[in-house]
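First comes the structure, then the notes that go with it.
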Amino acid sequence: MACLLEAPLRISVLSEVTASSRHYVDRLFDPDPQKVLLGVIDMKNAVIGNNKQKANLIVLGAVPRLLYLLQQDSSGAELRTECAVVLGSLAMGTENNVKSLVDCHIIPALLQGLLSQDLKFIEACLRCLRTVFISTVTPVQLLYTDAAVIPHLMSLLSRSRRTQEYTCQIFCHCCKTPDHQTILYNHGAIQNIAHLLISSSYKVQMQALKCFSVLAYENPQVSMTLVNVLVDGELLSQVFVRMMQRDKPIEMQLTAAKCLTYMCRAGAIRTDDNCIVLKTLPCLVRMCSKERLLEERVDGAETLAYLIEPDVELQRIASITDHLIAMLADYFKYPSSVSAITDIKRLDHDLKHAHELRQAAFKLYASLGANDEDIRKKIIETENMMDRIVSGLSESSIKVRLAAVRCLHSLSRSVQQLRTSFQDHAVWKPLMKLLQNAPEEVLVMASSTLCNLLLEFSPSKEPILESGAIDLLCSLTQSESPALRVNGIWALMNMAFQAEQKIKMDILRALSTEQLFRLLSDPDVNVLMKTLGLLRNLLSTRPHIDQIMSSHGKQIMQAVTLILEGEHNIEVKEQTLCILANIGDGTTAKDLIMINDDVLQKIKYYMGHSNVKLQLAATFCISNLIWNEEEGSQERQDRLREMGFVDILHKLTQSTDPSLCDRAKTAMQQYLA
Amino acid sequence: MSGQASGCGSLMSVVVHGDSALNEQEKELNQRLRLLYPAINEQETPLPRSWSPKDKFSYIGLSQNNLRVHYKGRQRAAKWQLAEFVRVALKSEAQILSTGRIGAWKKASCRLIDVNQSPEDLGSQTSFFPGSGEGDSIGDRAALLRLVLLENFLHGEQSNRPASTLAAWSGPKHLAQDKCSTASKLFTGAVISVKESAVAAESDGFEVCADGRRRAVGGAEDGYTGAESVGARGLLREPVGSPYSTRTALHTVSKNYTKPLAVKESHGKTPKDAASVRATHPIPAACGIYYFEVKIVSKGRDGYMGIGLSAQGVNMNRLPGWDKQSYGYHGDDGHSFCSSGTGQPYGPTFTTGDVIGCCVNLINNTCFYTKNGHSLGIAFTDLPPNLYPTVGLQTPGEVVDANFGQHPFLFDIEDYRREWQSKIQTQIDGFPTGDREGEWQMMIQKQITKTLQVSVTAVAKTIKRFEETGIHEDRTRMVSSYLVHHGYCATAEAFAKSTDQAVHEELASIKNRQKIQKLVLAGRMGEAIETTQQLYPSLVERNPNLLFMLKVRQFIEMVNGTDSEVRCLGGRSPKSQDSYPGSPRTFSSPSMSPSHSANIHSLTLVKSSGSHGHLAGFDSNCSNGVISNNAPNQSHCHKHQPSCLTTPDLNSINNTRSQQPNSYTSSSNDVDMETDRCSNGVSELSSNGFLNGSSKHDHEMEECEAEMDIDSTQLRRQLCGGSQAAIERMIHFGRELQAMSEQLRRECGKNSTNKKMLKDAFSLLAYSDPWNSPVGYQLDSIQREPVCSALNSAILETHNLPKQPPLAQAMGQATQCLGLMARSGSGSCAFAAVEDYLH
């Protein structure tokens, strides 16, 4: 109402209000305790539903006085309770109100109040605490600073329905990290709260349910415990299933589905369990339907996306359930054109949720299309799907951008889509733009999508290269984040695969040998593997090998020796031996190996290694070196014979592994010819 | 007994076993259907329980209790074989007729079977029943059956020579007497089914044969496995890969089969090959939510299965969905077909092993499918009413099984039902109600005129009226009027006070009515009539029929021993009867020490004084009932005295009849008396008898029987409270009543209600124990209620007050409305029971 008033008038009204508010505060200081009580009650009635009044009282310093009264034993039970009620009312106001309350150290005072014997007072304190903790501005850590608080709250769970409701609510708003989960778990939260699920009060049931959902989230320990909990002789999962029945309130269905989802993702329930396949999944799909509220649809889609993310069978089932893919298309129609004109309120509501809806839909599409080609096809065939993703990539909201990239990433796993719709819609353009300066999480997703777009059969490869992807990717390899480094080098590897000479040289130049060496000693084995892969891709086709080796031969040989000497797993060593084999395929490059006794000894060693893969790679390398019809093959053959390679090859022809045996025989033939 | 025959035997035992399994299945089905569709009255609207053998295209074959559907195709290639079959059959028939020996007959039948085995190898004479000696019933039966089939075969669909004739020429001649019944049973089954199949099979003689044979056995043994056991395989060639070929029965037969019939290859190529079958009944609207599932046993060659719904009269030579009023979901492409030849992309494809469910929502007239328990989303909207579950097949080898509730469903349909139930309940609860009575009336008017489009809200309007009390003026008025109407004056007073409502009637008047009602309900009719005449002098005068009714009731109460006039004679404490029990249904019977002899005594007394005409009314009625004897009655007797079946004559039935209610009286004595009276019975009333009474009578008998257990344990009651004087008074009163009735007839013309009333009342005297007699229901205190309300209404009417309380009217209206909704196809009625709103 105030905003409708003229400015000068508003000020005068405000000063009037302040004056009247002062009267309330003054009465708190009355020497007569009875009058103080009456004053507090009047204040209570004055502030209910009046944010302005609340702000005024806070400004006028009512809070410290109320807290003082509340903490004073001499105040009397009634007065203390009324103080807690007024403080609770004040906390119901704006975020600023809550902030000022927290700044006045309301939380310790209230927690202290919980130790009282008076149930009414405890309830008032809990209610106020709850209201304070619900607010996002309150640091939840305040609940955990005193170790005695949580056990005491647990003990209050048996006092009354109100204490149950408020305590559970506090728990679920203050359980934000795995540490919090563990603290609550260790204090017996599960046992204490489980029986509240069958409480006769709906509010208590709901808060208990929400508590379990936050406790189980990504927490295998809690989840494993939960599956074995019995409530009134019934397994907890069955209680949740019953709460998902269609005639139960939507909020309850949704939260129960969340609990089961989290338990499933934490590995406590199998993904092919009937309570997931036949109950949770359909329930979440129902939450996505048009009949539900926008918030519920967002929540439903996000939870479903989380549930089906790792399991292709669940993805398949979800994709056919209730036309989910088509249903999600509707998420993009907000704010609808109708609402814009007819109903301002609804437009506002729609606008508020539009981003959330879009990102939820993208997330779910991403999960749906993660593994199954048919589902990806169905998604892309949805009306305007690619356009939506493209515009989603450049939306202002980071959440939407991230979700859109995730969706694009999922879809980019399809060879067919890469060749068709991705090309038609030039998705690389917004993607490249996104990569320029995006937060890390977006960058990870975007770069890994880019990896797929740079696969040699992708028609987007050319334009991406032209738009300066090499420099961008090289800079990614210098990132702090291992995920980004992997993606950067991976993309370069894909780029180098069967590429032309110029691109390879560009990559080498942009990356610089120093960086290459740095990457070869990267602590992340994935980075190392992809770097070796890049090297291997660079060193293919004879002229390329020779040219690269002539310019960087020395460093490369050094790096190879280093890795072969180092403690690495078999895959890394195999990859390295393959690089040697590639080098051995060059014309001039061969000499780099032949003159390096060290490397030859290494090869010899790996030919006699216990691992067949390494033997194979080493033999391959030798066979390249002694290949006939090539200049100087005779000398090399002689030299290697001297080193005792023939004997080893001879031994290998007796190998039980057929491919190794073949390879050795081919090599031997070079000598015989 | 050798291999083949014993094979048959074991198969039959399997069939018997299957029977018990079937019963179990049937029970489960009934249970599930009741649970799913509580609002359904199956007498009015039966639920689909199987596929209809009548409503199918000939390419479709049914089995397993008409739940399994398989594709047969045209089967025309066997024509040449048919000719062969006929030739041999004729020959063997002639042989049988000429020899007249059972051995020869058997031999002939064996030959017949050989024909099936291998048409070319006619002379080989491998015996089909190598070990079946004389008197081997299986062999005989099978052979006989063969003959019946042959007969059907020969005459095809045009003749359908009655089986009895067939039995006449074949049965007595060749079979021992004890086998005769078996034979005739077989024949009946065969012919009935052949007739059916003839209709379905168009002009394809072979089809008739094959089907006829199958069902012939089905009729006798309930299961088609029997048909196979007899060796029908040769003729009824099943598509390769169908489950039938995997059956072990008589593999030898099919092994010998050298010439495969190359027929089916042409099938399934064109839509012309499509064939559908629908369920026996359409889906009743009162189901609210209807669901059935179909399991794809085999997708056959191409998997062109369609599952859906169709209205009556839709062409069965099509897949569901192709024609008008037909809807289907097809397995080959996963498309949905909504009365159109071109489908819309709908769901995934389906194939062997999948279970497809179809759910019809009769509230919003939509339909969705499920696959393996997962909902696929809405497929059709705006469905018409009265659709039949339908499946269609198009290529050889396609086999599907239906589940109409025989087994648990894969999809959680109960959960879906619950959702809709709560939706409708919320809708009713949240229905806005107007403030004034006028609005109510308007709504009700609208409701009546627009009944055909009644939606849930319309019913809600009415139901809502009972649901709350107190806030709205009209509702309070309704409640208070209800209270006033029934004379609950204290309550009404309190209610009126608390709601500031004016009661439209003076309290004194209410109290008067209350007093009269009390008297009536206590059975003190004499006093009640007196009081009425005192308080409302003109009422009974203007309403002679009412008076008559009251008087008849008084007579009944006299018999009961509760009427004041009789009671004072009986000298019982009036207090015990004074207060009407809180609930009218908990009638406490006047308990007096029973005396067997007294009973007999009173009976004889009645009899002796009963040269009186009325008494015989019962007797004629009794014998009448027996003569027009009817099945229920007999089965009724059967339950108690199976021996009476052997010589069912009038006397024994009479005996059992009278015995059932009076199982404690010595039967010989009783029978003597009864027969005595039977011969005695001459009266004016006997002539107009109970021609229509028989069925009613049986019903009452059953009721009596149901109550018998309880009654026999109770103490006996005596006529008119057991007092001699009272009985005399009653007889006298009866005469007066008779006179009054005659006078009434003279003045007002015939009145069948009155006549029936009087006759029923007098009939009471005909029984030794009227309370347990077929007319004994009249003595129940519940019967006072209609009299009471009639009197009450009449009094109110004279005061220009409504005859019926509006609350009751509204309730009746709502109940009727729900019934109408069910008939007019509005599914929401399934979830809106009036009772739910009466607290």
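Here the protein sequences come in this chain order: A and B.
According to the working numbering, the first sequence is numbered sequentially starting from 59.
According to the working numbering, the second sequence is numbered sequentially starting from 12.
By construction, the Cβ of each residue, glycine as well, lies at the ideal position given by its N, Cα and C atoms.
Amino acids of chain B, ordered along the chain, whose beta-carbon sits closer than 7 angstroms to that of residue i
i: D305 of chain A; result: R429, E430, Q432 and S433
Coarse secondary structure for residue i, derived from DSSP in three states
i: I383 of chain A; result: helix
i: D284 of chain B; result: helix
i: S132 of chain A; result: helix
i: N372 of chain B; result: strand
i: I367 of chain B; result: strand
i: V356 of chain A; result: helix
i: Q405 of chain B; result: coil
i: D161 of chain A; result: helix
Environment of residue i [buried if 16+ CB atoms lie within 10 Å]
i: Y126 of chain A; result: exposed
i: S763 of chain B; result: exposed
i: A413 of chain B; result: buried
i: P488 of chain A; result: buried
i: Q417 of chain B; result: buried
i: C840 of chain B; result: buried
i: P59 of chain B; result: buried
i: S784 of chain B; result: buried
i: L46 of chain B; result: exposed
i: V207 of chain A; result: buried
i: V370 of chain A; result: exposed
i: F703 of chain A; result: buried
i: K457 of chain B; result: Only weak support exists for where K457 of chain B lies, its pLDDT of 49 falling under 50; the coordinates are left without a value.
i: S170 of chain B; result: Note that S170 of chain B scores a pLDDT of 37, beneath 50, so its modelled location is shaky and nothing firm can be said.
i: Y663 of chain A; result: exposed
N-terminal and C-terminal residue of the beta strand (DSSP E) that residue i is part of
i: S321 of chain B; result: G317 to S321
i: A737 of chain A; result: There is no way to answer for residue 737 of chain A, as the model of chain A reaches only from 59 to 731.
i: V63 of chain B; result: The amino acid at residue 63 of chain B is misidentified as Val; the sequence shows Ser. Start and end: W62 to K67.
i: L255 of chain A; result: Looking at the DSSP string, L255 of chain A is not in any beta strand (DSSP E), and its letter there is neither H nor E.
Residue interval of the alpha helix (DSSP H) (run including residue i)
i: K723 of chain A; result: P716 to L730
i: S271 of chain A; result: Y260 to A274
i: V486 of chain A; result: Going by the sequence as given, residue 486 of chain A is Trp instead of Val. W486 to Q494 is the span of the alpha helix (DSSP H), which, as asked, contains W486 of chain A.
i: S608 of chain A; result: R600 to E623
i: Y423 of chain A; result: I402 to L426
i: A805 of chain B; result: R795 to T809
i: H708 of chain A; result: F703 to T711
For residue j and residue i, believed in contact at Cβ under 8 angstroms, the rounded distance
i: N114 of chain A; j: S79 of chain A; result: 4 angstroms
i: K430 of chain B; j: D305 of chain A; result: This sequence places Glu at residue 430 of chain B; Lys is not what is there. 6 angstroms between Cβ atoms; contact.
i: L19 of chain A; j: L674 of chain A; result: It is not possible to answer for residue 19 of chain A, since the shown part of chain A is limited to 59 through 731.
i: A149 of chain A; j: C186 of chain A; result: 6 angstroms
i: V117 of chain A; j: Q111 of chain A; result: With a Cβ gap of about 11 angstroms, V117 of chain A and Q111 of chain A do not count as contacting.
i: C369 of chain B; j: Y380 of chain B; result: 6 angstroms
Contact list for residue i against chain A, beta-carbon separation under 7 angstroms
i: G388 of chain B; result: D380 and H381
i: P359 of chain B; result: I378
i: D66 of chain B; result: Within chain A, no residue comes near D66 of chain B; the closest Cβ sits about 31 angstroms away, beyond 7 angstroms.
Proximal chain B residues relative to residue i, where beta-carbon distance stays under 8 angstroms
i: I375 of chain A; result: H385
beta-carbon residue i near the ligand MN non-hydrogen atom, thresh 7 angstroms
i: N375 of chain B; result: Absence of the ligand MN is noted for the structure shown, with no ligands found whatsoever.
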